[in-house]
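Note that the working numbering numbers the sequence shown so that position 134 is 134, with each residue one more than the last. A virtual CB, placed ideally from N, CA and C, is assigned to each residue, including glycine. Treat the numbers as computed from the prediction; the structure is a model and nothing was measured.
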Amino acid sequence: MLRIESIKDGTVIDHITAGQALNVLKILHITPYSKETVSMVMNVSSKKIKRKDIVKIENRMLKKEELNKIALIATNATINIVKDNKIVEKYKVKIPDVVRGIIKCKNRNCITNLEEIETKFKLESKDPLILKCAYCEMRLDTIEFL
Ligand SMILES: [Zn+2]
């Protein structure tokens with residue numbers, strides 16, 4: 001049994017699809033230059049899903065809105081908000097109806113690729129995942145990050 005050190009305060013993202021931990025950090029805008037203490041475990045065996053990644057961010061309570069974007073790449077991810085060594089909130093991520101920023105529109109002529117405009121996508125289908133650009137209406141079935 002693998003033990004992962006627990007955190008006193010912060011956010012634990014569990015049941016991330018194996019291999020997606022780095023993309024999760026990207027979605028949350030956490031870089032090597034961020035001040036947060038981040039621990040990451042990759043490719044752990046799990047009962048729920050065969051293999052999973054776990055990300056722990058200390059001393060930062062992330063907002064639901066921010067965390068739900070993780071569902072775009074890891075539908076089974078669960079969020080645990082920890083305060084004083086106790087889980088005070090636990091929920092499963094849900095794909096947001098509108099996604100602003102983070103994703104790039106694949107249409108080269110889309111205004112979001114030509115000007116400094118934040119991308120905006122509307123969720124058209126969850127399974128399979130299809131997002132529609134709010135500007136040029138192009139449909140995306142694979143995600144490319146900005
Ligand atoms: Zn577009």
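Problem - Presumed contact (8 Å Cβ cut-off) between Lys122 and Asp97, rounded CB distance - result: 7 Å
Handout entry: Cβ shell of Val19 (< 6 Å), same chain only, five flanking positions each side left out
Key = Reading off the sequence, residue 19 comes out as Gly, not Val. Closer than 6 Å at Cβ, skipping near neighbours: no residue.
Problem - C-alpha distance - Lys132 paired with Thr112, whole-angstrom precision - result: 13 Å
Handout entry: Residue environment, Asn80, which counts as buried when at least 16 other CB atoms sit within 10 Å
Key = buried
Problem - Euclidean distance between Cα positions of Val38 and Ser6 - result: 12 Å
Practice task
Return yes when the C-beta of Asn109 is under 6 Å from any heavy atom of ligand 1, and no when it is not.
Solution key: no
Handout entry: Where Lys132 sits in the DSSP three-state scheme
Key = strand
Handout entry: Contact between the stretch 21-28 and the stretch 85-100 (3+ Cβ pairs under 8 Å)
Key = no
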